[in-house]
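Comments concern the structure below.
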Amino acid sequence: MTEANDSQRELIAFRIGRQEFCVDIMSVREIRGWTPATPLPRSPGYMKGVINLRGTVLPIIDLGARFGLETSEPTARHVIMVAHIGGRMVGLLVDAVSDILEMNEASVQPTPDVASDQVKTFVKGIFSIDGRMISLIELDHILPHIEAEAA
1 MTEANDSQRE
11 LIAFRIGRQE
21 FCVDIMSVRE
31 IRGWTPATPL
41 PRSPGYMKGV
51 INLRGTVLPI
61 IDLGARFGLE
71 TSEPTARHVI
81 MVAHIGGRMV
91 GLLVDAVSDI
101 LEMNEASVQP
111 TPDVASDQVK
121 TFVKGIFSID
131 GRMISLIELD
141 HILPHIEAEA
151 A
């Protein structure tokens, strides 16, 4: 990513409930249908468990729960975005993937000051495309550092 304000980025947009979010397309390795996860004892509430992805144990994080949003039990309509976060592969449970967007860096507005510090940890900025407000998510902050090192 360049420092120029006119740089273009490709993003994957997804929904959690009625809200739309997006992440950099380069961090997403694959999008797959929901697979029931095996729960892990004493894991945080946003951790759905683990699945076997072609012989690799993949932790599944419910992004809605991680963001403090109302969540529902996953169904066949939910999807898992397999993403590379902090040197490891993680599955991110979302309601649906909606688009691939091209976004100009200059169009991203800072996260409003009324947002909590925890929200600002995840949301890098907000932008509008076709009348939709979409939050740009910083994946590096999805896993707390201590958990990321232990996992």
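FYI, the UniProt record's numbering numbers position 63 of the sequence shown as 63, with every residue one higher than the one before it. We put the beta carbon where it would ideally sit given N, CA and C, even for glycine.
query, result
"For Ser128, name the three-state secondary structure that DSSP assigns.", "strand"
"Just the Cα atoms here: how many angstroms apart are Asp130 and Val50?", "36 Å"
"Using DSSP's beta-bridge definition, name the partner residues of Gly91.", "Ile60, Val82"
"Kindly give me the distance between the Cβ atoms of Leu101 and Gln19, rounded to whole angstroms, as I take these residues to be in contact under 8 Å.", "That belief does not hold up - the Cβ atoms of Leu101 and Gln19 are roughly 15 Å apart, past 8 Å."
"If we count the other Cβ atoms within 10 Å of its Cβ and call it buried at 16 or more, is Ser107 buried or exposed?", "exposed"
"So, helix, strand or coil for Leu101, using DSSP?", "strand"
"Can you check DSSP and say which residues form a bridge with Leu136?", "Cys22, Gly125"
"Select from Glu10, Val97, Ile142 the residue whose C-alpha is nearest the C-alpha of His84.", "Ile142"
"Can you tell me whether DSSP reads residue 154 as helix, strand or coil?", "For the chain, the structure presents residues 1 to 151; residue 154 sits outside this window and is missing."
"Helix, strand or coil for Arg66 per DSSP?", "helix"
"With DSSP run on the structure shown, which of helix, strand or coil describes Ala76?", "coil"
"Need the endpoints of the beta strand (DSSP E) that Gln8 sits in, please.", "8–16"
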